[in-house]
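Below is one structure, written out as structure tokens; comments come after it.
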Amino acid sequence: MQTQPVNKTDKDTITIDDLTLVRKCKAGDTVAMKHLILRYQDRIYNLTHKICQNPEDAAELTQETFVKVIQSIRKFKENSSFYTWLFRIAVNLTINHCRRKFRISTRSLDAFSEGDEGKARQLKHYLADSSAADPALVAQDRESVEILNASIAQLDEKQRTILVLRDIEGMPYAKIADTLEVEIGTVKSRISRARKSLREILDSVIK
Numbered sequence: 005m006q007t008q009p010v011n012k013t014d015k016d017t018i019t020i021d022d023l024t025l026v027r028k029c030k031a032g033d034t035v036a037m038k039h040l041i042l043r044y045q046d047r048i049y050n051l052t053h054k055i056c057q058n059p060e061d062a063a064e065l066t067q068e069t070f071v072k073v074i075q076s077i078r079k080f081k082e083n084s085s086f087y088t089w090l091f092r093i094a095v096n097l098t099i100n101h102c103r104r105k106f107r108i109s110t111r112s113l114d115a116f117s118e119g120d121e122g123k124a125r126q127l128k129h130y131l132a133d134s135s136a137a138d139p140a141l142v143a144q145d146r147e148s149v150e151i152l153n154a155s156i157a158q159l160d161e162k163q164r165t166i167l168v169l170r171d172i173e174g175m176p177y178a179k180i181a182d183t184l185e186v187e188i189g190t191v192k193s194r195i196s197r198a199r200k201s202l203r204e205i206l207d208s209v210i211k
């Protein structure tokens, strides 16, 4: 893609905060929308790639996310940060993609082969260690990634979102609290409940 020269108006727009850009977008300012996309497209790509583990899918999901933003920007109520709203769109699109791709709606986790039991057990053990890093690090092969994604897809939206932020995107507690606009204590309790739910889901793979 050829890079267009940046004029003075574009340079001025780069320094504008998200909310001001959003309000300009609602008024039909295409330059403001371009800069919102440029500001967040790499971050959204990295997020979707960490979830789906496929660069082509991540690129497509990133594009779908911003198409949804363009279509829905006037519905953004401004009672949360723009990135929180954007993040939720990206996560929901990506999880739905994983559900379709791996046929989660018609395939129970019980259908995984016996060879997957060890992978599920390893993921469950990893999640039980509160000092461990994100479980995506242990999911180094396609089968483990599929089990992890299939399990996360079965969580409710609130648990899924907090788990993706902490255990897949690797976001620190303080940043999660800022993104979701909740207290750090709330973040920690939600993460604990989400990990417990995920371990229970993984139990269905462990015969």
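For the sequence shown, the positions run 5 to 211 when our numbering is used. Note that beta-carbon positions come from the ideal geometry of N, C-alpha and C, so glycine has one too.
Could you pull the start and end residues of the alpha helix (DSSP H) that residue i belongs to?
i, result
"residue 59", "59-76"
"residue 184", "177-184"
"residue 173", "From DSSP, residue 173 is part of no alpha helix (DSSP H); its letter is neither H nor E."
Quick one: what's got a C-beta closer than 6 Å to residue i's C-beta in the same chain, skipping five residues either side?
i, result
"residue 37", "29"
"residue 200", "none"
"residue 158", "205"
"residue 112", "With a pLDDT of 45 at residue 112, under the threshold of 50, the modelled position of this residue cannot be trusted; read the value that follows with caution. Nothing meets the Cβ criterion."
Starting from the Cα of residue i, find the closest Cα among the options and give me that residue.
i, options, result
"residue 49", "31, 35, 76 and 93", "93"
"residue 100", "155, 20, 88 and 204", "155"
"residue 160", "178, 76, 81 and 198", "198"
"residue 75", "190, 200, 191 and 32", "32"
"residue 203", "151, 35 and 20", "151"
"residue 43", "189, 90, 183 and 193", "90"
"residue 194", "84, 184, 166 and 58", "166"
Classify residue i as helix, strand or coil using the three-state DSSP reduction.
i, result
"residue 90", "helix"
"residue 201", "helix"
"residue 193", "helix"
"residue 48", "helix"
"residue 99", "helix"
"residue 20", "coil"
"residue 79", "helix"
"residue 31", "coil"
"residue 187", "coil"
"residue 140", "Because residue 140 sits at a pLDDT of 49, beneath the cut-off of 50, its placement in the model cannot be relied upon, and the following sentence gives the value as read from the coordinates. Of the three classes helix, strand and coil, the one that applies to residue 140 here is helix, per DSSP."
"residue 208", "coil"
"residue 6", "In this predicted model, residue 6 has a pLDDT of only 41, less than 50, meaning its place in the structure is not dependable enough to derive any value."
"residue 84", "coil"
"residue 163", "helix"
"residue 53", "helix"
Below 8 Å CB to CB, which residues in the same chain sit around residue i once its five sequence neighbours on both sides are set aside?
i, result
"residue 40", "22, 25, 26, 29, 73 and 86"
"residue 45", "66 and 70"
"residue 96", "161"
"residue 164", "95, 99, 156, 157 and 198"
Leaving out the 5 sequence neighbours to the left and right, which residues in its chain are closer than 7 Å to residue i when beta-carbon positions are compared?
i, result
"residue 62", "49, 52, 53 and 56"
"residue 1", "Outside the shown range of the chain, which is 5 to 211, sits residue 1, and nothing can be said about it."
"residue 58", "none"
Taking 8 Å as the line, does the beta carbon of residue i fall inside it for any heavy atom of the ligand HEM?
i, result
"residue 168", "Among the ligands in the structure shown, none appear at all, so the ligand HEM cannot be discussed."
Below 8 Å, can you find three or more Cβ-Cβ pairs linking the stretch 166-175 to the stretch 63-73? Taking a cut-off of 8 Å on C-beta distances, the stretch 166-175 does not touch the stretch 63-73, as fewer than three cross pairs fall below it.
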